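Position in the sequence shown (from 1) plus 102 gives the number in this note's numbering. For glycine and all other residues, C-beta sits at the position ideal for the given N, C-alpha and C. In this text, all values refer to a predicted model and were calculated from it rather than measured experimentally. Before any comments, here is the structure.
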Amino acid sequence: MRRLPVPVTLTLPVAATALLLAACGGGKSSTSTSPATAVANPSTAGSASAPATGSVAGGTMVATGSGPTGTFLTDGSGKTLYLFMADKAGASTCTGACARAWPPLTTTAAPTASGAAIASDLGTTMRSDGTTQVTYHGHPLYYYEDDKSAGQTEGQGSTEFGAKWWLVAPSGSAITTGGSGSTGAGAGGGGY
């Protein structure tokens, strides 16, 4: 049996490991795929979906946070989630420019609940672009692009793309107290 020189025997496992890590790398994607789950990333303005946090074994985690308005839904990393009053019958009406300003919470598997979020209230709906959006108590869930860190609620009470955006209580109802009541660039409709 022929022995390989030490540098070659060490180089092959190192090269294989580097290749494996590169294949699993953290590059951004404009589709709804990422490590274990796909959720919209509010910091990715040009993409409705990007690598995300708050995932559990392929499913997106919905948790809770609290602030002056009470307890509200977040993703597993504490990023605030909203409902859009224009959505009807569990279907999203927020696409195009709307989905860039209010990225949908998407998943590749069954969503999971944490904190005061109720697992039986979680569901999914198919978006017009083919991605699967997480719903809670029948409401499609969204991030707000101006919420830059966990717990921010800059979108609360906004009127954009023809309707109000509200925080979601663990009961599934809209939290209609507090908020800016502001109208952004999307006020007046469009995008759906």
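For Ala191, there is no enclosing beta strand (DSSP E), since its DSSP letter is neither H nor E. Secondary structure of Asp177 (DSSP, three-state): strand.
Gly259 and Gly161 have their C-alpha atoms some 28 Å from each other. For the pair Gly217 and Leu224, the Cα-to-Cα distance works out to about 13 Å. Residue burial annotation: Lys181 is buried, with at least 16 other C-beta atoms found within 10 angstroms of its C-beta. Residue pairing by DSSP places Ile277 opposite Leu269 in a beta bridge.
By the C-beta density criterion, Asp248 is exposed, having fewer than 16 other C-beta atoms within 10 angstroms.
A distance below 8 Å separates the beta carbons of Thr226 and Thr234.
Ranked by Cα distance from Val164, the first of Ala211, Ser230 and Ser194 is Ala211. Taking the CA atoms as reference points, Ala199 sits about 11 Å from Glu262.
Taking all protein chains shown into account, Ala271 has 16 or more neighbouring C-beta atoms within 10 Å of its C-beta and is therefore buried. For Thr237, the CB contacts under 8 Å within the same chain, skipping 5 residues up- and downstream, are Gly192, Leu224, Gly225, Thr226, Thr227 and Leu243 in chain order. Tyr238 has Leu224 and His241 as its beta-bridge partners, per DSSP. Nearest in C-alpha terms to Met187, of all of Thr173, Gly264, Pro206 and Gly280, is Gly264.
DSSP places Ala201 within a helical segment (H, G or I) once states are collapsed to three. The residue from Trp267, Trp268, Gly169 and Phe174 with its alpha-carbon nearest to that of Ile220 is Phe174.
The beta-carbon separation of Thr166 and Thr279, rounded to 17 Å, does not stay under the 8 Å limit for a contact.
From the listed residues Ser222, Thr209 and Pro205, the smallest Cα separation to Tyr246 is found for Pro205. Within the same chain, and ignoring the five residues on either side of Cys196 in sequence, the residues whose Cβ sits closer than 8 Å to its Cβ are Phe186, Ala188, Asp189, Trp204, Pro206, Pro242, Tyr244, Phe263, Gly293 and Tyr294. Scanning its chain for C-beta atoms nearer than 8 Å, with the 5 sequence neighbours on each side dropped, one finds around Trp267 the residues Tyr184, Leu185, Phe186, Met187, Trp204, Tyr244, Tyr246, Gly257, Gln258, Gly259, Ser260 and Thr261, in chain order.
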